[in-house]
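In the numbering used here, the protein residues as written are 143 to 215.
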């Protein structure tokens with residue numbers, strides 16, 4: 143999960159993202175960052191999500207669990 147959180151932090155251009163952080167609380171969390179996260183998840187984790195999938199996600203940990211549930215699905 144550390145690499146995942148570092149990737150999210152890089153997209154948001156912040157020093158750190160923790161599992162419990164509410165992604166929507168970041169000023170940089172916008173439609174472009176959502177698309178960047180979707181592209182990263184596809185490239186690094188082989189998981190294809192839509193923006194609507196992320197709409198119901200609050201924390202970075204929730205997003206990680208969603209990614210894990212979609213792997214191999």
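We treat Cβ as the ideally placed atom computed from N, Cα and C, and that holds for glycine.
- As the crow flies, the alpha-carbon of residue 196 is around 15 Å from that of residue 154.
- Ranked by Cα distance from residue 176, the options 160, 199, 211 and 158 are led by 199.
- Spatial neighbours of residue 182 in its own chain (CB-CB distance under 6 Å, excluding positions within 5 residues in sequence) are listed in chain order as 149.
- If you ignore the 5 residues before and after residue 185, its C-beta comes within less than 8 Å of no other C-beta in its own chain.
- Residue 206 and residue 146 have their C-alpha atoms spaced approximately 8 Å apart.
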